[in-house]
Amino acid sequence: MTRHIADKSHDDSAGRLRHYLRHEREEAVHPAILALRARPREAALPASRRATEYARIERGHRV
Numbered sequence: 000m001t002r003h004i005a006d007k008s009h010d011d012s013a014g015r016l017r018h019y020l021r022h023e024r025e026e027a028v029h030p031a032i033l034a035l036r037a038r039p040r041e042a043a044l045p046a047s048r049r050a051t052e053y054a055r056i057e058r059g060h061r062v
């Protein structure tokens with residue numbers, strides 16, 4: 000007599016959990032990326048100051 004289609008062993012729950020955890024781990028943001036995002040950005044010239052400097056250079060003025 001063959002087994003019924005509903006007769007399954009319940010051993011696959013560990014595999015399901017392993018796949019779920021791997022999927023969650025891969026979807027999460029890597030800790031190195033979080034550290035890079037948390038670092039303060041270097042002070043850049045404001046946009047208006049940058050445009051002023053470009054215009055000064057274009058006019059040929061030197062410091």
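0 is the number of the first residue of the sequence shown in numbering that gives the first Met the number 0; add one for each residue after it. Glycine included, C-beta positions come from ideal geometry on N, C-alpha and C.
Assigned secondary structure, residue i (DSSP; H/G/I helix, E/B strand, else coil)
i     : result
PRO45 : coil
THR1  : coil
ALA37 : helix
ALA54 : helix
ALA27 : coil
Distance cut-off 7 angstroms: residue i Cβ against heavy atoms of the ligand NAD
i    : result
ALA5 : Ligands displayed in this structure: none; no statement on the ligand NAD is therefore possible.
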